[in-house]
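Chains G and L, in that order, are what the protein sequence lines are. Read left to right, the first sequence gives residues 862 to 1070 (the working numbering). Read left to right, the second sequence gives residues 862 to 1070 (the working numbering). Please read the structure below before turning to the comments.
Number of protein chains: 2
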Amino acid sequence: MDTATPRRTRIQQEKRELILEAALEVFSTNGFRGSTIDQIAEAAGMSKPNLLYYFRRKEDIHETLMQRLLDTWLAPLRELDDIGDPLTELRSYIRRKLEMARDFPRESRLFANEILQGAPRIMPMLEGELKTLVDEKAAVIKGWMRTGKIARTDPWHLIFSIWATTQHYADFDVQVRAVLGPNRGGDGRFEDAARFLEQLFIDGLKPKG
Amino acid sequence: MDTATPRRTRIQQEKRELILEAALEVFSTNGFRGSTIDQIAEAAGMSKPNLLYYFRRKEDIHETLMQRLLDTWLAPLRELDDIGDPLTELRSYIRRKLEMARDFPRESRLFANEILQGAPRIMPMLEGELKTLVDEKAAVIKGWMRTGKIARTDPWHLIFSIWATTQHYADFDVQVRAVLGPNRGGDGRFEDAARFLEQLFIDGLKPKG
DNA sequence: CTAACGTTTGTCCAATCGGTCAAAAATTGC
DNA sequence: GCAATTTTTGACCGATTGGACAAACGTTAG
């Protein structure tokens, strides 16, 4: 197998990074079909043919971006571990996911765009790698419930709701800011969200009586 | 003002409905820029010039669709009322929103697409009508908290989290189904979600000690 | 200096896009 | 039945798109 990418010169490394950064910006705000190679080239400060010298096709850029995204995107869930205290573990997971929504909103939107369109390019990964990971972590959570450490619920839907609530602050950012208005929609909105989500999930998941 | 639309013949009424239905299908799965007039025309079973006889520009279709969407989309929140029992009111709201995600997933995706792209066409409505409505309902919820009927939290973020969790089952449907697998990802997934969300929000919002 | 290699760009192309237009076809009013 | 009106369509247009290509430019090793 030659899945190892033979990247040659240092210039190529740098230029490819530059293109990927520009493409992330453009793709995440316009979607795949809504973005043009010219836009990406301009954002990267180079001509279109020059860009196509580093990535032969528009799809190649998107594919590279998506592969790279998925690794970092699932990292927080991978870290969810059986070792620590359940409520602490869940709290850290929620906080990490919310930090990602705050620090990497473009990645979140890129992912959301792909899923919205029916996930044509990453469907196998959803049914494979992602499902396996979620099933595994759902089992961990189920274990916590069995020992009475947290209240009983559906672990899968619990994970969905954590995804939904945290990513909402990246994907629906304009709506959140518009509704909160100039005062509460400022930089503090993520801390407010963190406080709220902690109360919702952690208090809500404490074992009953 | 002539905001009243002077629709003439019955044929025009029907054909416009046909086009809007087709456009909803196409727009919601491909986004605005990702959709072509030809696609919509074919889905509506007519030729492109014929479609353009009823809607002069592609944007007109999208605009009409969006206006119509916003009315029905906010209806559940408008129904949230000060009269009934707070927890019952919230439970109904969550259930209605989840039913909309189940019964009108295309509308949800159309809206999500618009917001993801930065809400270029409905920004005024977000800052105006929507913000006003949410502020109003947040005040209602705050009243419930003041009288100790439900636990104290941030009403705005509570509303966001209800939106996020319910719409997730429409917007991220492919991911939900992929992760749940063939067994649990079937028709029953909305009932499972309803049970989970009720527990999360209602139990979590019961007044403490 | 020069040959070899990596990089950049101007030019071009075929396909697709949103939209026009005039003329044909269907419908309607009388 | 006939004229007026509405509806439908084939042909077409300019703009934009993703991408190809060869020539030019830059860099480096000998």
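Using N, Cα and C, we set each Cβ at its ideal position, and we do this for glycine too. Since the model is a prediction, treat every value here as computed from it, not as a measurement.
Does any C-beta atom of chain G lie closer than 8 Å to the C-beta of I955 of chain L?
Stepping through the second sequence from its first residue, residue 955 of chain L is reached at position 94. False, the Cβ-Cβ gap to chain G never drops below 8 Å.
Give the residues of chain L in contact with H1018 of chain G, contact being defined as C-beta atoms less than 7 Å apart.
Residue numbering aside, residue 1018 of chain G sits at position 157 when the first sequence is read from its first letter. Neighbours of H1018 of chain G on chain L, chain order: D1053, A1054, F1057.
Under 8 Å Cβ-Cβ, which residues of chain L neighbour M984 of chain G?
As a working mapping, residue 984 of chain G is identified with position 123 in the first sequence. Under the 8 Å cutoff, chain L gives V1035, A1039.
Mind listing the chain G neighbours of A973 of chain L? Cutoff is C-beta to C-beta under 9 Å, in chain order.
Translated into the one-based positions of the second sequence, residue 973 of chain L becomes position 112. Here the neighbours are A973, L977, D1032, F1033.
Neighbourhood of P937 of chain L by C-beta distance below 8 Å, restricted to the same chain and skipping five residues each side
Locating residue 937 of chain L in the second sequence gives position 76, counting from the first residue. Result list for P937 of chain L: Y954, R957, K958, M961, in chain order.
Within 10 Å of its beta-carbon, does R1105 of chain G have 16 or more other beta-carbons around it, so buried, or fewer, so exposed?
Nothing can be reported for residue 1105 of chain G, as the shown portion of chain G is limited to 862 through 1070.
Tell me which same chain residues have a C-beta within less than 7 Å of the C-beta of P1082 of chain L, skipping the five on either side of it?
Nothing can be reported for residue 1082 of chain L, as the shown portion of chain L is limited to 862 through 1070.
Are there three or more Cβ pairs, one per stretch, closer than 8 Å when the segment 912 to 929 of chain G is compared with the segment 996 to 1006 of chain G?
Counting Cβ pairs under 8 Å, fewer than three are found: no touch.
Under 9 Å by beta carbon: chain G residues contacting G895 of chain L
Mapped onto the second sequence, residue 895 of chain L falls at position 34. The answer, in chain order, is G892, F893, R894, G895, Q978.
How about Y914 of chain L and R877 of chain L: do their beta carbons lie closer than 8 Å?
Indexing the second sequence from 1 puts residue 914 of chain L at position 53. Indexing the second sequence from 1 puts residue 877 of chain L at position 16. Not closer than 8 Å, so no.
Tell me, please, whether the CB atom of L991 of chain G is closer than 8 Å to any CB atom in chain L?
The residue you call residue 991 of chain G lines up with position 130 of the first sequence. Judged by the 8 Å Cβ criterion, L991 of chain G is in contact with chain L.
Sequence-distant residues of the same chain with beta carbon closer than 6 Å to I1002 of chain L, five excluded per side
The residue given as residue 1002 of chain L occupies position 141 in the second sequence. For I1002 of chain L, where only same-chain residues beyond five positions count, the Cβ hits under 6 Å are P1016.
Whether F1062 of chain L touches I1020 of chain L by CB criterion (8 Å):
For the purposes of this step, residue 1062 of chain L is identified with residue 201 of the second sequence, where counting begins at 1. For the purposes of this step, residue 1020 of chain L is identified with residue 159 of the second sequence, where counting begins at 1. Their beta carbons are not under 8 Å apart, which means F1062 of chain L does not touch I1020 of chain L by this criterion.
Output, in chain order, the set of chain L residues within a Cβ distance shorter than 7 Å of G1042 of chain G.
As a first step, residue 1042 of chain G is located in the first sequence; it is residue number 181 there, counting from the start. Residues of chain L passing the Cβ test: K992.
Drop a sphere of 10 angstroms on the beta-carbon of N891 of chain G, count the other beta-carbons inside from all chains shown, and report buried for 16 or more, exposed for fewer.
Stepping through the first sequence from its first residue, residue 891 of chain G is reached at position 30. So N891 of chain G ends up on the buried side.
Out of G:R1056, G:G979, G:H1018, G:E1052, point me to the one whose CA is closest to F1057 of chain L's CA.
Translated into positions along the second sequence, residue 1057 of chain L becomes position 196. Out of G:R1056, G:G979, G:H1018, G:E1052, G:H1018 has the C-alpha closest to the C-alpha of F1057 of chain L.
Among L:E875, L:D1048, L:S889, which residue has its Cα nearest to the Cα of E968 of chain L?
Position 107 of the second sequence, counted from the first residue, corresponds to residue 968 of chain L. The shortest C-alpha separation from E968 of chain L is found at L:S889.
Span separating the alpha-carbon of I898 of chain L from that of E875 of chain L:
Position 37 of the second sequence, counted from the start, is the residue given in the question as residue 898 of chain L. Position 14 of the second sequence, counted from the start, is the residue given in the question as residue 875 of chain L. The alpha-carbon atoms of I898 of chain L and E875 of chain L are separated by roughly 18 Å.
For the pair the segment 1036 to 1043 of chain L and the segment 975 to 989 of chain G, tell me if three or more CB-CB distances fall below 8 Å.
yes
What number of angstroms, rounded off, separates the C-alpha of H1029 of chain G from the C-alpha of A1025 of chain L?
Your numbering for residue 1029 of chain G matches position 168 in the first sequence. Your numbering for residue 1025 of chain L matches position 164 in the second sequence. Using only the alpha carbons, I get a separation of about 6 Å.
Anyone know if the C-beta pair for I922 of chain G and A973 of chain G falls short of 8 Å?
As a working mapping, residue 922 of chain G is identified with position 61 in the first sequence. As a working mapping, residue 973 of chain G is identified with position 112 in the first sequence. No, they are not a contact pair.
Can you tell me where the alpha helix (DSSP H) holding D996 of chain L begins and where it ends?
Within the second sequence, the letter at position 135 stands for residue 996 of chain L. Segment 992 to 1007, the alpha helix (DSSP H) holding D996 of chain L.
If we call anything under 8 Å between Cβ atoms a contact, is G979 of chain L one with G895 of chain G?
One-based indexing of the second sequence puts residue 979 of chain L at position 118. One-based indexing of the first sequence puts residue 895 of chain G at position 34. No, these two residues do not count as a Cβ contact at 8 Å.
Would you tell me roughly how many angstroms separate the C-alpha atoms of K909 of chain G and A902 of chain G, rounded to the nearest one?
Here residue 909 of chain G refers to the residue found at position 48 when the first sequence is read from its first residue. Here residue 902 of chain G refers to the residue found at position 41 when the first sequence is read from its first residue. If you take the alpha carbons of K909 of chain G and A902 of chain G, they lie about 5 Å apart.
Distance, E950 of chain G Cα to G1004 of chain G Cα
Locating residue 1004 of chain G in the first sequence gives position 143, where the first residue counts as 1. Locating residue 950 of chain G in the first sequence gives position 89, where the first residue counts as 1. Computed Cα separation, rounded: 13 Å.
Considering only the beta carbon of each residue, do A904 of chain L and E886 of chain L sit closer than 8 Å?
Here the question's residue 904 of chain L lines up with position 43 in the second sequence. Here the question's residue 886 of chain L lines up with position 25 in the second sequence. Contact flag set, yes.
At a CB-CB cut-off below 8 Å, which residues of chain G make contact with V995 of chain L?
Position 134 of the second sequence, counted from the first residue, corresponds to residue 995 of chain L. Residues of chain G passing the Cβ test: V1040.
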